[in-house]
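Working notes, structure below.
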């Protein structure tokens, strides 16, 4: 297992288009988190899963964002009708359980033009 | 709401000196406090963490202290080296185990 992997690494899209990102966590990890990071800021929590159940979604997250984790394995994050303000690094992390080390993927850098 | 404040935002030290980064958190239920190091263009990586039943933890040149009463925790790096230069983030666990991150400290170690 080589750690958390994310795909794609970079995505450039036109405003108004939909985009989908994928995260493959470390295989034995039950918890999967999505964060967004903009330049000069810390990662901002978006949502997290325990197995296939989405347990929390940030109140700051617009309805244009949706995430899934079918079968408790990989996860996808979809952004509909992208806006320029969505441009950021989207980070995925996984952990074995609550309050244990969260391992981050390399992120997907989204640029909305 | 849940919040983590981190200071300073930038820190410049001479090689061999110590560096201290401080964080405060708002959620009294937080019980797990990790510190991450992020080099330019790379993923955040855990360098040390502490749980609420411990006041201090040390790993070689890195130590973390926690004051639950004051809701403060700090990262101490001794004998800094140029390769310690990076952005450091503190975080506090919140309901359900999600992490709330501070704004980051850009540490520069000058040779």
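Chains as they are written, first to last, in the numbering used here: chain R, 1 to 113; chain A, 1001 to 1111.
Ideal Cβ placement from N, Cα and C applies to all residues, glycine included.
Check: Quick one: does residue 1060 (chain A) have its CB under 7 Å from some CB of chain R?; Outcome: no
Check: Considering only the beta carbon of each residue, do residue 1069 (chain A) and residue 1056 (chain A) sit closer than 7 Å?; Outcome: no
Check: Starting from residue 1067 (chain A) and walking both ways along the beta strand (DSSP E), at which residues does that stretch end?; Outcome: 1062-1067
Check: Is residue 8 (chain R) helix, strand or coil when you go by DSSP?; Outcome: coil
Check: Would you kindly work out how many angstroms separate the C-alpha atoms of residue 1079 (chain A) and residue 93 (chain R), rounded to a whole number?; Outcome: 31 Å
Check: Closest to residue 1026 (chain A) by CA distance: which of A:1092, A:1047, A:1016 and A:1051 is it?; Outcome: A:1092
Check: Can you tell me whether DSSP reads residue 1037 (chain A) as helix, strand or coil?; Outcome: strand
Check: Under the DSSP definition of a beta bridge, which residues are partnered with residue 1006 (chain A)?; Outcome: A:1023
Check: Just checking, does the segment 48-59 of chain R make contact with the segment 9-22 of chain R on the three C-beta pairs under 8 Å criterion?; Outcome: no
Check: Using beta-carbon positions only, say whether residue 112 (chain R) and residue 80 (chain R) come within less than 7 Å of one another.; Outcome: no
Check: Counting only beta-carbon atoms, is residue 21 (chain R) nearer than 7 Å to chain A?; Outcome: no
Check: Output, in sequence order along the chain, the residues in the segment 83-99 of chain R whose CB is closer than 9 Å to any CB in chain A.; Outcome: 91, 93, 95, 97, 98 and 99
Check: So, under 8 Å CB-CB, residue 1024 (chain A) and residue 1106 (chain A) are touching, yes? Tell me the CB distance rounded to an integer number of Å.; Outcome: 19 Å between Cβ atoms; not a contact.
Check: Keeping to the same chain, check which residues put their C-beta closer than 8 Å to that of residue 1044 (chain A); ignore five residues upstream and five downstream.; Outcome: 1036, 1037, 1038 and 1089
Check: Is the beta carbon of residue 1023 (chain A) within less than 6 Å of some heavy atom of the ligand MG?; Outcome: Annotation note on the ligand MG: not contained in the displayed structure, which lists no ligands.
Check: So, helix, strand or coil for residue 83 (chain R), using DSSP?; Outcome: coil
Check: Using DSSP with H/G/I as helix, E/B as strand and the rest coil, what is residue 1098 (chain A)?; Outcome: coil
Check: Out of R:106, R:90 and R:96, which has the shortest C-alpha to C-alpha gap to residue 37 (chain R)?; Outcome: R:90
Check: For residue 65 (chain R) and chain A, any beta-carbon pair shorter than 7 Å?; Outcome: no
Check: Could you give the first and the last residue of the continuous beta strand (DSSP E) run that contains residue 1056 (chain A)?; Outcome: 1056-1059
Check: Return the CA-CA distance between residue 7 (chain R) and residue 1046 (chain A), expressed in angstroms with no decimal places.; Outcome: 22 Å
Check: At which residue ranges does the segment 27-69 of chain R contain complete alpha helix (DSSP H) runs of 4 or more residues, listed in the order of the chain?; Outcome: none
Check: So, using beta-carbon positions, are residue 76 (chain R) and residue 31 (chain R) closer together than 7 Å?; Outcome: no
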